[in-house]
Structures are given as C-alpha cells and as structure tokens.
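Undergrad: Have a look at the structure that comes next, please.
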Amino acid sequence: MPEYLPTTPYRGTRDFLPPEMSVRTQVYERLYGVLESRGFQRYDGPVLEPIEIYEAKSSREIVEQQLYTLTDRGGRRLALRPEMTPSVARIIAGNAGKLQFPVRWYSNPNCHRYERPQRGRVREHWQINADIFGSESPSCEIEIFELIHDMLGGIGATPDMWRLRVSDRVLLSSILTDIVELDESLLRGVSSIVDRWEKYPREKLAEDAGALGVTDKQFDRLAETLAGGAAVLDEIPSAVRENSQLAKVLVTDAAGLVEFDPMIVRGFDYYTSTVFEVFDTSPENNRSLFGGGRYDNLVGLYSAQKIPGIGFGMGDVTLIDFLGTHGLLPEPLAEVDVVVIPVEADLADPARSVARSLRAAGLRTSTPLEPRKLGKEITRADKAGARVVVIVGREDWDGGSVTIRNLVTKQQDQVSVDSVGAAVRASLDQAAEDVTGAGGAPSS
RNA sequence: GUGGGUGUAGCUCAGUCGGUAGAGCACCUGGUUGUGGUCCAGGAAGUCGCGGGUUCAAGUCCCGUCACUCACCCCA
Numbered sequence: 006m007p008e009y010l011p012t013t014p015y016r017g018t019r020d021f022l023p024p025e026m027s028v029r030t031q032v033y034e035r036l037y038g039v040l041e042s043r044g045f046q047r048y049d050g051p052v053l054e055p056i057e058i059y060e061a062k063s064s065r066e067i068v069e070q071q072l073y074t075l076t077d078r079g080g081r082r083l084a085l086r087p088e089m090t091p092s093v094a095r096i097i098a099g100n101a102g103k104l105q106f107p108v109r110w111y112s113n114p115n116c117h118r119y120e121r122p123q124r125g126r127v128r129e130h131w132q133i134n135a136d137i138f139g140s141e142s143p144s145c146e147i148e149i150f151e152l153i154h155d156m157l158g159g160i161g162a163t164p165d166m167w168r169l170r171v172s173d174r175v176l177l178s179s180i181l182t183d184i185v186e187l188d189e190s191l192l193r194g195v196s197s198i199v200d201r202w203e204k205y206p207r208e209k210l211a212e213d214a215g216a217l218g219v220t221d222k223q224f225d226r227l228a229e230t231l232a233g234g235a236a237v238l239d240e241i242p243s244a245v246r247e248n249s250q251l252a253k254v255l256v257t258d259a260a261g262l263v264e265f266d267p268m269i270v271r272g273f274d275y276y277t278s279t280v281f282e283v284f285d286t287s288p289e290n291n292r293s294l295f296g297g298g299r300y301d302n303l304v305g306l307y308s309a310q311k312i313p314g315i316g317f318g319m320g321d322v323t324l325i326d327f328l329g330t331h332g333l334l335p336e337p338l339a340e341v342d343v344v345v346i347p348v349e350a351d352l353a354d355p356a357r358s359v360a361r362s363l364r365a366a367g368l369r370t371s372t373p374l375e376p377r378k379l380g381k382e383i384t385r386a387d388k389a390g391a392r393v394v395v396i397v398g399r400e401d402w403d404g405g406s407v408t409i410r411n412l413v414t415k416q417q418d419q420v421s422v423d424s425v426g427a428a429v430r431a432s433l434d435q436a437a438e439d440v441t442g443a444g445g446a447p448s449s
C-alpha cells in the first residue's frame, strides 16, 4: 500500500479553485479600479523580510507568537511578512530620493501569521494595502476616508452595511492623562483596556484596570468619558487638538465621512495619531472588517528623513465574509463564451480555425481537447458556462458554413464561415436581452 | 496556549443491539449515423482520519493521536 502525501493545504492556508478565484479576482479588480481612479499606484515587495523590521514597531504579540521565522544559509534571520506596512516603509525610505512626495501607493500582498484559524482569520491572507506617504496634511486623512467610501461602494456595499469609526492616539492620550488624570506610565496598558472596552463586562475591565494601578475614581471617569462618545472632544485642550490630525478633519465637511469614537485604539505600536476601523453592521457578522491609521515615525527607522505615512490594510478573508453576509459576492465567470465543436475528429483543424476567428472578434472561445460525441460536447459546453456552441459538420463545412446554436434560447442557425463572429455576437446579445428582459432586475 | 463540536465515496449524509459498508447528488459509458438539460440501463469511485486496545468479530465500544471547525486569548 503506497503512502500518499496529504492533499489538503497547510493549516490556515487555502487553495483557490477557479470559481473561488474568479470571485476573488472580480472583487479585487473593482477595488484596484477605485484605487487607480484616485491616482493610487500599485507596488510590490518580497514576502521575506529581515525579522528586525517587525521587532521594532509591530505589536508584541505578532513578534513573539505569530511570526513565521527562518534562518537562511548565511545565518540571517528572516520572517514571512505578517503585514505590509513595515515593508512599504522600508521601500519608501530606500527610494525616497527618486519619489515625488506625497505618494499614493497600493498593493495586495499575501501576509502570514502563525495563529489558530477560525472564522475571519487564517494563516495566509491577501491584504490590500493603501497608503499615502510624505504629507502631514489632514487632507491625507480625508483622502483615505473618501477612498474607503469609494472602495466599499465599488464592491456594491451601501453605507448602512458598515461604519467607519475613527479616533486619534493624540486625543486618546489627552483623554487618559488630562481628563481621566492617569499617569503617563499607564497609557499603554489602559489604551489596551479601552481597545477591549466593548467586548468585556465592566467588572472584568475594572479588575484589569485596577491591576495596572488605576483608581476606582479614575476608572469611573474613564467609563463616563467613553460613554459620552464625541462629547469628549470639547473637553480636550485646544493645544492638544492642534496636534491631532483627526481633530482638524472633524471641523471640515469630511467629518460626515466618519464617526468619532474614542474606543477605537488598534493594536499596532507604530500608530501616532489618526486610527480608524471599519465595522460590519450586520448582526450576523458584527466584527471589525479592516482598519489603519497614521504612522509618522515608521520610515524614520530606515533613514534620517521624516516621511509620515497613513494607510490601511483590507484583508480578503473578512472582506469576502462581509460580501457574503450582504449577498454581494459576484458570480464566478464562465469558462468561455463559445465552444466550437467538430462533429468528426478530422474536422479539428477547421474547428480551430473558426475558434481563432471568434477570438479575433473578442469572444472567449475553446475547442474540445478530446473527441467525443456531439451531444456530450454540448453538455460540457453548457456546464462550462458557454451560451453558444458552433458546430462544425462535414456537409456545412464543405459548403462554407457552420451551425451556431444558442444554448439559452435554443435557436439554431446556419451561417457562412465569414460571418461567424458577427453571428455569434448577435446571438449572445439576443440571449442577454432575453435574460434581462425576463428577469426584471432593479435598475440600481 | 485554552475549551467545545465534528471526522464514512468528489459533495451532503445514513449505517439499528458490534457481524468486515449504503443512499442522493455529481462523474463516466450506453440507449446505432450531426444536437445538451428530462428519462432508462450500466459503470467507476471508500486506507470508515490515523494508531493501539477489548472481542471469535469494531465504521460501531475504550484509549491515544491528527485534522477540520467554532469560540476564547489577541487581532486583520
């Protein structure tokens, strides 16, 4: 008995068969289209990076528990990238001399984290990253917020399906030190408690805060402040607000793009000001979809230049879950539009010739790779999603014609070889009209 | 790292009181010459997750293990 190797993909990674790949590709292409319509340019980088670029600024959990690491033959310590931001900061720093700042960049890298797979989380995912580098203007925040609206709109989501909640690390620090009157040494620990605020019972939060050294009075003040939401903005000293990118956005028309919410914190250490997170509003998928923020010091790890950045990462797993929850997933694309079927094996050459002219006419066309009975081939063509087959028979061909059969309308016509492209196209258009006419789909 | 659920054909699952495996769908072939979806007939396809134990006998009982999955932790 031979011992076979496993066919399942490595834990937490996925194979994408053509139908799933088609769905993913269609979603991505819409998103790329939106990004490029706003002048974002695509870049890419290596999946392997020196481990140090994560040790410096990513969250501690990522580095200590979730990094895939390896040592190369030269003894260099490397990691599979768990996220793209450190890489893009490195690329920006290394090429700053030839770039015209500010730049708008995007990418769609696969990223790896060693963790336990569950809904919405795997070990390898693809994450669209969109970032702006080289500007401290709050216009960058507005650009990113508008981009998020456009991207979600571009994949069919309506504004009631999601919420864009924003905060600012500068404002949060002020809330914690000026309003709650915490010592600065507690900032990090208490920020983490704020991050978990919605997910835990009050007693648990109080206990954790107490363990850090937060007094009951301070905790109550914190709870009261967070419950007040945006009202806290008025209490924050104006000198602080001048240092907050987000505060500047919130006094413009663009304030309507977001909801200020002091409970938004996010786990990465490198965020310095604006932070934001998009949530699904559906009760069935009530979760954070993606998020990002401003990181003004990350490029500074690589060079003396001060190049601020702001951006976000949108992962494919949560995005596909979101689209599925709201019934927004596109249908997989059919294999081909047309299959050209020779009735006899020795008509394969004519069939390929007809197929070539159909492709020249812009139609996705295939021919059978193995000879089978005509009926079988029509079945296969139908299952492949072709709406038209072209039948190349001996008598027709000798007389300079072929037969086109529309699998949707069942209409069948004999046409001259010269006009086959136009005839198939007309047949496809007719079938499409029949479908939309009968379906009565809403226009929006 | 912690806890729960589930592992039988490609898929969804059944399998009684232990007696060495079934259905539906899908797939392939045929129902005579160049016409699909229905119908009919036939066919192929299973290390019952894996290892051990109990037993004359294990898909079934016991132990272990692995995988998948959901949740926690944390986060995207």
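To convert, count from 1 in the first sequence and add 5; that's the numbering used here.
Beta carbons are placed, not taken as given, at the ideal position from N, Cα and C, and that holds for glycine.
Predicted, not measured: the structure shown is a model, and the values here were computed from it.
(1) With distances taken Cα to Cα, identify the nearest neighbour of A386 among R430, V344, V397.
(2) Please confirm if the region 313 to 325 is in contact with the region 366 to 373, defined as three or more CB-CB distances below 8 Å between the two stretches.
(3) Are there three or more Cβ pairs, one per stretch, closer than 8 Å when the region 275 to 288 is compared with the region 170 to 181?
(4) When we look at the beta-carbon of E212 and count the other beta-carbons within 10 Å, is it buried (16 or more) or exposed?
(5) Taking DSSP as the reference, what is the three-state secondary structure of P24?
(6) Please work out which residues of its chain come closer than 6 Å, Cβ to Cβ, to A235, disregarding the five sequence neighbours upstream and downstream, and give them in chain order.
(7) By Cβ distance below 8 Å, which residues in the same chain neighbour S92 in space, the five residues on each side in sequence not counted?
(8) Can you grab the Cα-Cα spacing for the pair R410 / P143, in whole Å?
(9) Just verifying my parser: in three-state terms, what is the DSSP assignment at M156?
(10) Starting from the N-terminal side, write out each stretch of the alpha helix (DSSP H) that is 4 residues or longer and does not extend beyond the region 354 to 436.
(11) How would you call A443, buried or exposed, if buried means at least 16 neighbouring beta carbons within 10 angstroms?
(12) In the DSSP assignment, the alpha helix (DSSP H) including L333 goes from what residue to what residue?
(13) Just tell me which of H154, S179, A360, L176 has its CA closest to the CA of R168.
(14) S140 by DSSP, collapsed to three states: which one?
(15) Hey, quick one: how far does the beta strand (DSSP E) through E282 stretch, first residue to last?
(16) Which of the three DSSP states is assigned to L181 in this structure?
(17) Measuring CA to CA, which of E34, S196, L363, T286 is closest to S432?
(18) Once DSSP output is grouped into helix, strand and coil, what is the label at Q132?
(19) Check this for me: beta carbons of A84 and L303, under 7 Å apart or not?
(20) Could you say if the region 128 to 135 and the region 239 to 251 meet the contact criterion of at least three C-beta pairs nearer than 8 Å?
(21) Given G390, which residues of its chain have a CB within under 6 Å of its CB, disregarding the five upstream and five downstream residues?
(22) For S448, I'd like the list of residues in its chain whose CB is within less than 8 Å of its CB, leaving aside the five on either flank, ordered along the chain.
(23) Tell me which residue opens and which closes the alpha helix (DSSP H) that T90 is part of.
(24) Between I315, E88, V283, which has its C-alpha nearest L251's C-alpha?
(25) State the CB to CB distance for the pair I198 and T230, rounded to an integer number of angstroms; the pair is presumed to be in contact (CB under 8 Å).
(26) How would you call D434, buried or exposed, if buried means at least 16 neighbouring beta carbons within 10 angstroms?
(27) If we call anything under 7 Å between Cβ atoms a contact, is V397 one with V407?
(28) Helix, strand or coil, according to DSSP, for P242 in the structure here?
(29) Please report the Cβ distance between R128 and E141, rounded to the nearest whole angstrom; I am assuming they are in contact, meaning their Cβ atoms lie under 8 Å.
(30) S190 by DSSP, collapsed to three states: which one?
(31) Please state if the CB of L227 and the CB of G194 are separated by a distance shorter than 7 Å.
TA: Taking the definition as stated:
(1) The residue with the shortest Cα to Cα distance from A386 is V344.
(2) Flag = no, the region 313 to 325 and the region 366 to 373 do not touch.
(3) The answer is yes - the region 170 to 181 touches the region 275 to 288, with three or more Cβ pairs under 8 Å.
(4) By the 10 Å Cβ count, E212 comes out exposed.
(5) Look at P24 here: in three-state DSSP terms it is helix.
(6) Same-chain partners within the cutoff: F265.
(7) Result list for S92: G50, P51, E54, I58, R86, P114, in chain order.
(8) As the crow flies, the alpha-carbon of R410 is around 59 Å from that of P143.
(9) In the three-state scheme derived from DSSP, where H, G and I count as helix and E and B as strand, M156 is classed as helix.
(10) Qualifying alpha helix (DSSP H) stretches, in chain order: 379 to 388, 399 to 403.
(11) Residue placement at A443 cannot be trusted, given a pLDDT of 46 that sits under 50; the coordinates are not used to answer.
(12) Neither: L333 is in no alpha helix (DSSP H) and is coded neither H nor E.
(13) Comparing alpha carbon positions, the residue from H154, S179, A360, L176 closest to R168 is H154.
(14) The answer is coil: DSSP assigns S140 none of H, G, I, E or B.
(15) Per DSSP, the unbroken beta strand (DSSP E) holding E282 starts and ends at 279 to 285.
(16) Three-state DSSP puts L181 in a helix.
(17) Closest option to S432, Cα to Cα, is L363.
(18) Residue state, collapsed to three classes: strand.
(19) The Cβ atoms of A84 and L303 do not sit closer than 7 Å to each other.
(20) Contact between the region 128 to 135 and the region 239 to 251 is absent, with fewer than three C-beta pairs closer than 8 Å.
(21) The answer, listed in chain order, is A339, E340.
(22) Residue confidence is low: S448 scores 33 on pLDDT, short of 50, so the model does not pin down where it sits. No coordinate-derived value is stated.
(23) First-last of the alpha helix (DSSP H) with T90: 90 to 99.
(24) Among I315, E88, V283, the Cα nearest to that of L251 belongs to I315.
(25) In this structure I198 does not touch T230 by the C-beta definition: roughly 13 Å separates them, more than the 8 Å allowed.
(26) Under this definition D434 is an exposed residue.
(27) Less than 7 Å separates the beta-carbon of V397 from that of V407.
(28) Secondary structure of P242 (DSSP, three-state): coil.
(29) So it is not a contact: roughly 36 Å between Cβ atoms.
(30) Helix at S190.
(31) The answer is no: Cβ separation not under 7 Å.
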